[in-house]
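Student: These protein sequences, in sequence, are chains R, H, A and V. According to this note's numbering, the first sequence is numbered sequentially starting from 1. According to this note's numbering, the second sequence is numbered sequentially starting from 1001. According to this note's numbering, the third sequence is numbered sequentially starting from 2001. According to this note's numbering, the fourth sequence is numbered sequentially starting from 3001. Glycine included, C-beta positions come from ideal geometry on N, C-alpha and C.
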Amino acid sequence: MADSVEDSITVSVWRGGARGGDFQDFQVPQQPSQTILDVITWIQRHLDASLSYRFACRVGMCGSCAMMVNGIPRWTCRTHVNKVMVDNRLTIEPLRNLPVIKDLACDMGEFFEKWRQAEGHFQGSSSRDETVAAISPKSSQRQAANAAIECINCAICYASCDVVTWNRDYLGPAALNRAWSLQNDQRDCARDERLKVVASDAGCHQCHSQQGCSTYCPNELNPTASIAGLKRMSVHWFMDQKNRQRHG
Amino acid sequence: MVELRLYMAQRATAAIMAPLVLLHLGVMIYAIQGGLSADEILARTRGSLFWGGTYGLFVIAVSVHAAIGLRNILREWFRLRGPVLSVLCWLCGAGLLVAGLRAVVAVVGTP
Amino acid sequence: MEYQTLKTDVLILGSGGAGLFAALHACRANPELDVTIAVKGLLGKCGCTRMVQGGYNVALSPGDSIERHFMDTIIGGKWLPDQAMAMRLCETAVIRVQELENELGCFFDRNEDGSLHHKAFAGQTFDRTVHKGDLTGIEIISRLMEQVRAQRVQLMEEHRAIALVPSRDGDALAGVLMIDMRSGEFRLVQAKTVLMATGGGPTMYRYHTPSGDKSMDGLAMALRLGLGLRDMEMVQFHPTGLLAGRDTRMTGTVLEEGLRGAGGFLLDGNGERFMKSYDDDAERATRDIVSRAIYAEMREGRTTPNGGVYIAMSHLGADVVAQKFPGMVKRCADCGFDLAGGRVEVVPTAHYLMGGVVVTPDTRTSLAGLFVAGEDAGGAHGANRLGGNGVANSTVFGGIAGDEMAAQASLQNFWIDPDTSLIEAAIEQTMTPYLQAVGDINSIRDRLLDVMWDGVGVLRDANGIRQAQTELASLKTELMATGLGDDNRVFNLSWHDWLNLQSLIEVSEIIAAAALSRENSRGAHYREDYPEAGGLDESYFTIARVDREALQVERQPVEFSIVKPGESLLEND
Amino acid sequence: MKAHRKQPLYFAFLLHRLSGLGMAFFLPFHFYVLGLALEGNAALDRFLHWSELPLVKFAEFGLVFLLALHFFGGLRLLALENLPWSKRQKNYAAVALAAAFFVACGYLLRAI
Ligand SMILES: Cc1cc2nc3c(=O)[nH]c(=O)nc-3n(C[C@H](O)[C@H](O)[C@H](O)COP(=O)(O)OP(=O)(O)OC[C@H]3O[C@@H](n4cnc5c(N)ncnc54)[C@H](O)[C@@H]3O)c2cc1C
Ligand code: HEM
Ligand code: SF4
Ligand code: F3S
Ligand code: FES
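1) Measuring from the CB of residue 139 of chain R, is there a heavy atom of ligand 6 at a distance below 6 Å?
2) Spatial neighbours of residue 2182 of chain A within its chain, please: C-beta separation below 6 Å, excluding the five flanking residues on both sides.
3) With DSSP run on the structure shown, which of helix, strand or coil describes residue 2338 of chain A?
4) Tell me which residues of the segment 1031 to 1048 of chain H have at least one Cβ-Cβ distance to chain V shorter than 8 Å, keeping chain order.
5) What does residue 335 of chain R touch in chain A if you count any residue whose Cβ is under 9 Å from its own?
6) Taking any Cβ of chain H, which residues in the segment 3008 to 3028 of chain V have a Cβ under 8 Å from it, in chain order?
7) Identify whether residue 2064 of chain A lies in helix, strand or coil by the three-state DSSP scheme.
8) Could you work out which residues of chain H lie near residue 3066 of chain V, taking near to mean beta carbons separated by less than 9 Å?
9) When the cut-off is 7 Å and only beta carbons count, does residue 116 of chain R lie next to chain A?
10) Where in the segment 89 to 177 of chain R do unbroken runs of the alpha helix (DSSP H), each at least 4 residues long, occur, reported from the N-terminal end onward?
11) Taking residue 3041 of chain V as the query, report the chain R residues whose CB atoms sit under 9 Å from its CB, ordered along the chain.
12) Of the residues that make up the segment 3077 to 3089 of chain V, which ones have a beta carbon closer than 7 Å to any beta carbon in chain H?
13) Just mark residue 2366 of chain A as buried or exposed, buried being the case when its beta carbon has 16 or more other beta carbons within 10 Å.
14) Let's see if you can read the secondary structure: which residues bound the alpha helix (DSSP H) around residue 18 of chain R?
15) If you reduce the DSSP assignment to three classes, tell me which class residue 2018 of chain A lands in.
16) Does the beta carbon of residue 3052 of chain V come closer than 7 Å to any beta carbon on chain H?
17) State the beta-bridge partners of residue 2531 of chain A as determined by DSSP.
18) Over what stretch of residues does the alpha helix (DSSP H) that includes residue 3057 of chain V continue unbroken?
19) Go ahead and pull the three-state DSSP assignment for residue 4 of chain R.
20) Which chain R residues are close to residue 3003 of chain V, counting only those with a beta carbon under 7 Å from its beta carbon?
21) Go through its chain and collect everything with a Cβ distance to residue 2551 of chain A's Cβ below 6 Å, but skip five positions before and after it.
22) Determine, using beta carbons only, whether residue 2350 of chain A and residue 2205 of chain A come nearer to each other than 7 Å.
23) Report all residues from its chain with a CB closer than 7 Å to the CB of residue 2155 of chain A; omit the five preceding and five following residues, and keep chain order.
24) Strictly under 7 Å for the Cβ-Cβ distance: is residue 1004 of chain H near chain R by that measure?
25) Does residue 2365 of chain A come within less than 7 Å of chain B when only Cβ atoms are used?
26) Between A:2343, A:2324, A:2289, which has its C-alpha nearest residue 2309 of chain A's C-alpha?
27) To which residues does DSSP link residue 12 of chain R through a beta bridge?
28) Tell me, please, whether the segment 2002 to 2015 of chain A touches the segment 2179 to 2194 of chain A by the rule of three or more beta-carbon pairs shorter than 8 Å.
29) Whose C-beta lies closer than 6 Å to the C-beta of residue 2327 of chain A among residues of the same chain, with five residues either side of it excluded?
30) Count the other C-beta atoms from every protein chain shown that fall within 10 angstroms of the C-beta of residue 2438 of chain A, then say buried if there are 16 or more, exposed otherwise.
31) Just the chain H side, please: which residues come within less than 7 Å of residue 3097 of chain V by C-beta, in chain order?
32) Please tell me whether, using a cut-off of 6 Å, the distance from the CB of residue 60 of chain R to the nearest non-hydrogen atom of ligand 5 is below it.
33) Are any of the Cβ atoms in chain R nearer than 7 Å to that of residue 2183 of chain A?
34) Taking 7 Å as the limit, name every residue whose beta carbon sits nearer than that to some heavy atom of ligand 3, in sequence order.
35) Between residue 125 of chain R and ligand 1, is there a pair consisting of the residue's CB and a ligand heavy atom that are separated by less than 6 Å?
36) Among R:239, R:175, R:168, R:167, whose alpha-carbon lies nearest the alpha-carbon of residue 152 of chain R?
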């Protein structure tokens, strides 16, 4: 245990459920190697066994552990305490923009539902009995697809976006980022349908380039750029359609 | 796909206004020189097809542009939806258009 | 206690590579079927498939062959693998990778000409590991997850399976009892077929790599039903887990194999290289050798402040390291360590369980209606798993299980009645901690981790194992008398910690018993009192089970059904 | 203000929105004033005379600043959406702000 107050961190943790809640303070001893997840684990293991939170991989691969740390959405398993602590204090809350289940665990259902709505899955035309498509990693299309691909669906971008807060239908940065990656996948054959969803009223045009998504994405992805790409793509598609109508 | 159309209209009008606003800013800074008088302004604009066209275009563009912009704000900050939102948006646009065109007539038209 | 009852045709436990593949295959085989996935975490976000870094072994590149992949698997497994399973693995991996690419949308790294890139991985005679950078698992599991979400699959997220419920006569499986972790309520899902794909996970060791949700629940449930587990002494240790102190979850997580391959040094507490005195290949020796060497150094006390050794990369040039291993360098930096320019403390870490339920190559078990695939199933790897064969194993057999289950469920138009007395008993068992006085669960966990690490770890002997067995028995008793001091069941992690410990202790006892029974050293299992490998021709594997509370381990000879020791399927060998 | 909003590009968004909003409120007034010309030069002059007051001068500076801010910010957004991605979004936002300030100051200096 900590010898003195200097060695301990005052942690305000949001406790409660869907119907509301409040902050509760804990004193947690400071350690040289300590992530935010470790602080929360300490509280659950040593101070209050009833604290609820979620994690799985503990190395930044599964995107289960995101929370608001001092008001900013972060992956807690890869955030070192020293990097975010101010005056030996921390404030930890469940992720914004998602309903809370209990304490620090929120319900990610709507996040994944929007992923699904945005046609965020591949639809190919070749089968398991055929060889793998030869695609140059240098092609610009593939590079665009790759740039957006390493998403761990942590919903940090979703929590950082005010448009999501203001417009509950908005598909949000993660789903659109996935859609953009697929739109650049030469093998995919559902690009027209996907574009229709992406260009719909809940789609990419809702984005006002606040860029919280790109600022806080722990994997340094850039949903803003992906969404900008979709905006361009859908305008072109709209014009093409008009042209086609006009010329029969 | 209302939002896509509105988006395109807003960006198109922005692109139209960009050079006009640049011109306007330039002229203002050039012309103001310690204050303006009505004669100075009107001498430049009265009867000018060029200024008439420029201001007219600007007014049309800005009415569309600002109406869409206000619509976004009403929707996001004031959570308005449905017919209320549409009506307010149209009112903004129409109001700006009428007031704007009246102003264009005032400064360009010869009395 | 009350419980709700649901019905489905196909029930899948777990959403790793095995579980998700099974769901997709079952849906495709018969779209009319009700397919349900119940998983302890969020779909595709828990488990270890997502954590796969290195890649996926498949004989797809010109010049490679299924036979060669098979021979590498058998030799790597020290002749203990079930050969029919190993062959099925190598053959089907080809189709799976094409399925992942063509139908599910994975995109693995390419060569300049657009063909698949195959990288080298330890213990293989050919470069056959396809990968997506060093985050292959994220690509595979994210694509699978999206596909499953796009299907009509019933999802039961944050549902923890606690008991496999058989029929009253015990001849077939009737369903699975689970806890809805969000509400704490109990649910019985009756199913015509059940896949157990809960992914093993040796997290009972002081240092371990798997995700926090993995705690051997599946194997513990199988044991309670009397099923046999094979090769349970075979726990693979990865030589370089991050060591950052006791109270951080970072400790134990993998630092990539490639670091040693690229020329990284291992240094003892005094900063001296030591690998040369253990093996001519020094740091580049295989996983098991390096793990044993580090473990030996640690026992000699030549350790770093936290009790491990150092890995040092800086002699290769900090810039070079940062460029070659960006992910690893960033991960270390996030946690406060300078991998590129300084030294990082490492320790061997429990990584993978080769052992598991005895299954046929089409994933059937001795209990009708129960299928097992992925890390829960034993046999494919024998004494040692090749890097890259883990995810191949879970995706290959998960898909097979999906096909088999759909076929069986389509033919069956009834559900079997469950043994309700067993359900009551299981619920009562699960509620134990709510009836006991508050106790210190953490101290039990800490002691379990140490007991297994010290007694049944990287180096073993009879005395150590016996001592561990005694301590495991007393830990078990202690756990049963330890309560939570809280009656809330909603998203109660501490309750689940308790249940995790229960599974872990039960399976630890099996690991210890199997380790005691194998009196030779093969692959991941090293007995200091029996350091010889034993004759290959007389190779046997262990099968452990619990029969009326008593642990039994038997030995069974390996059937060399495809190739015998001394032979090869390859012409040049 | 919520912590997640305290990042430069959110400020850029907010400035753009507030400047747009500000202008939307000001524009009808501006049109009204110009419309005074319909009632003859004198009416307009009366207004312009009033606008010689320092406080009003300063308010005018504010309006030009709003216009310039929204103009440069708008160009930034059009570029962001339509040109290949550039990593220097924060720089562009800063440049837009600086340029707006520069233009508005230029206007103010000429006006007095
Ligand atoms: C860090 C790391 C790196 C690895 N790298 C490689 C590699 O490069 N190449 C390779 O081939 N292999 C690698 N492996 C091994 C590979 O990850 C596993 O072999 C494989 O993913 C196992 O798949 P699975 O589907 O059996 O289990 P998992 O993917 O672990 O899934 C198990 C699932 O079961 C769920 N579950 C557990 N208990 C319960 C319960 N009681 N009720 C309901 N659900 C439950 C879990 O939550 C999870 O969803 C690595 C493993 C780790 C830990
Ligand atoms: C120079 C010309 C202009 C350009 C280039 C421009 C550009 C833009 C752009 C790109 C947007 C969209 C922002 C978004 O949705 O993310 C926007 C919004 C807006 N514009 Fe303009 N604009 C210009 C002139 C004007 C003028 C003169 C007005 C005055 C009424 C105005 C009022 C608005 C309003 C109210 C919004 C909505 C703000 C928001 O939704 O955040 N604009 N402008
Ligand atoms: S884009 Fe980034 S922040 Fe958003 S879900 Fe994916 S990894 Fe998380
Ligand atoms: S934060 Fe939101 S507004 Fe757009 S740029 Fe990102 S989605
Ligand atoms: S626990 Fe997996 S990303 Fe943090």
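Tutor: Short version:
1) Judged by which ligands are present, ligand 6 is missing from the structure shown, whose ligands are ligand 1, ligand 2, ligand 3, ligand 4 and ligand 5.
2) Within its own chain, the residues whose Cβ lies closer than 6 Å to the Cβ of residue 2182 of chain A, once the five positions on either side in sequence are excluded, are 2158, 2491, listed in chain order.
3) If DSSP states are grouped into helix, strand and coil, residue 2338 of chain A belongs with coil.
4) Result list: 1032, 1033, 1034, 1035, 1036, 1037, 1038, 1039, 1041, 1042.
5) This structure cannot speak to residue 335 of chain R, because chain R is shown only from 1 to 248.
6) Answer set for the segment 3008 to 3028 of chain V: 3017, 3020, 3021, 3023, 3024, 3027, 3028.
7) In the structure shown, residue 2064 of chain A sits in coil (DSSP, three-state: anything other than H, G, I, E or B).
8) By Cβ distance, chain H contributes nothing, its closest Cβ being about 11 Å from residue 3066 of chain V, past 9 Å.
9) Contact with chain A is found for residue 116 of chain R, since one of that chain's Cβ atoms lies less than 7 Å from the residue's Cβ.
10) DSSP runs (the alpha helix (DSSP H)) wholly in the segment 89 to 177 of chain R: 109 to 117, 140 to 147, 156 to 160, 162 to 166.
11) The contact set of residue 3041 of chain V on chain R, defined by CB atoms closer than 9 Å, is empty, because the minimum CB distance reaches about 43 Å.
12) Cβ contacts with chain H come from 3078.
13) Looking at its Cβ environment, which holds fewer than 16 other Cβ atoms inside 10 Å, residue 2366 of chain A is exposed.
14) If you look at residue 18 of chain R, you'll find it isn't in any alpha helix (DSSP H); DSSP assigns it neither H nor E.
15) The DSSP-derived three-state label of residue 2018 of chain A is helix.
16) With respect to chain H, the C-beta atom of residue 3052 of chain V has a partner C-beta closer than 7 Å.
17) According to DSSP, which records beta bridges pairwise, residue 2531 of chain A is partnered with nothing at all.
18) For residue 3057 of chain V, the uninterrupted alpha helix (DSSP H) segment begins and ends at 3054 to 3082.
19) Because the pLDDT at residue 4 of chain R is just 46, under 50, the model does not fix this residue reliably, and the point stays unresolved.
20) For the C-beta of residue 3003 of chain V, the chain R residues within less than 7 Å are, from N- to C-terminus, 70, 71, 72.
21) Cβ neighbours of residue 2551 of chain A beyond the five flanking positions: 2513.
22) Yes, they are a contact pair.
23) Counting only Cβ-Cβ distances below 7 Å, and skipping sequence neighbours, we find 2037, 2043.
24) Yes, residue 1004 of chain H counts as interfacial toward chain R.
25) Although the question refers to chain B, the structure presented lacks it and instead comprises the protein chains R, H, A and V.
26) For the residues A:2343, A:2324, A:2289, the minimum Cα distance to residue 2309 of chain A belongs to A:2343.
27) Paired residue(s): R:25, R:91.
28) Enough Cβ pairs lie closer than 8 Å, so yes.
29) Closer than 6 Å at Cβ, skipping near neighbours: 2134.
30) The Cβ neighbour count for residue 2438 of chain A, taken over all protein chains shown within 10 Å, is under 16; the residue is labelled exposed.
31) Below the 7 Å Cβ cutoff, chain H contributes no neighbours of residue 3097 of chain V, its closest Cβ being approximately 16 Å away.
32) At least one heavy atom of ligand 5 is nearer than 6 Å to the Cβ of residue 60 of chain R, so yes.
33) It does not; no Cβ of chain R falls within 7 Å.
34) If you measure from each CB to the nearest heavy atom of ligand 3, the residues under 7 Å come out as R:63, R:151, R:152, R:153, R:154, R:155, R:156, R:157, R:158, R:173, R:174, R:177, R:213, R:216, R:217, R:218, R:219, R:221, R:223.
35) Result no, Cβ not under 6 Å from ligand 1.
36) Answer by Cα proximity: R:175.
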